[in-house]
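For what it's worth, the numbering used here labels the leading residue of the sequence shown as 1045, then goes sequentially.
Glycine included, each C-beta is placed from N, C-alpha and C at the ideal position.
Single-structure report; data block below.
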Amino acid sequence: MKTQTFTDTLVVVTCGATGCGQTFGMTEAFYRQVRDSHETWYCPSGHPRAYLGESAIEKERRLRQAAERQAGYARASRDAARDQAEAAERSARAYKGHATRLRNHIANGVCPVPSCRRSFENVRRHIAGQHPDWAHEHPDALTP
């Protein structure tokens, strides 16, 4: 009788087919292959078996992709918030510039109402008497 030396690792498995329950060993490499690929394999009694659950590699990939998606959402949210803050800052600067131009018109004695633009010695009194709606809409322009 010849003797052979086995140097691989065996994984002990029990067949789960109804009425089988046979315990046997398979190499660790074969076990990993069928577990990761979900291929059908057969127990020594001929029952078809397959590992249908999510493998460790698939779980790792799914979790990594979910983390990458989450990071992408966080980056997009951060960028949107930054864009909104920049837009608000630009709007505030534009409003401040507009109010300054109106105050300068008033300081120079020019009525700031677009349809009027006449010069007066007391522009504030003219605006209060002739353009009360405009004065109500632009209170910042009338403060010195």
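| Query | Result |
| --- | --- |
| Three-way DSSP call (helix, strand, coil) for T1071 in this model | strand |
| Stretch pair the region 1135 to 1145 + the region 1163 to 1170: three plus CB contacts closer than 8 Å | no |
| Nearest-angstrom beta carbon gap, C1064 and S1099 [assumed within contact, 8 Å] | About 24 Å separates the two Cβ atoms, so there is no contact after all. |
| F1068 beta carbon less than 9 Å from that of V1078 | no |
| Proximal residues to A1115 (C-beta, below 8 Å), its chain only, five neighbours per side dropped | none |
| Length of the line joining the Cα atoms of C1087 and R1076 | 16 Å |
| Sequence-distant residues of the same chain with beta carbon closer than 6 Å to R1175, five excluded per side | The displayed chain sequence assigns His, not Arg, to residue 1175. Once the five neighbours on either side are set aside, the close Cβ partners of H1175 are V1157. |
| For V1167, the three-state DSSP class (helix, strand or coil) | helix |
| Three-state class that DSSP yields for Y1095 in the structure shown | coil |
| CA-to-CA distance, E1072 to A1061, given in whole angstroms | 21 Å |
| Range of the contiguous beta strand (DSSP E) that encloses T1058 | 1054 to 1058 |
| Buried versus exposed call for I1150 [16 or more other C-beta atoms within 10 Å across all chains shown] | buried |
| Beta-carbon gap between V1154 and R1147 smaller than 9 Å | no |
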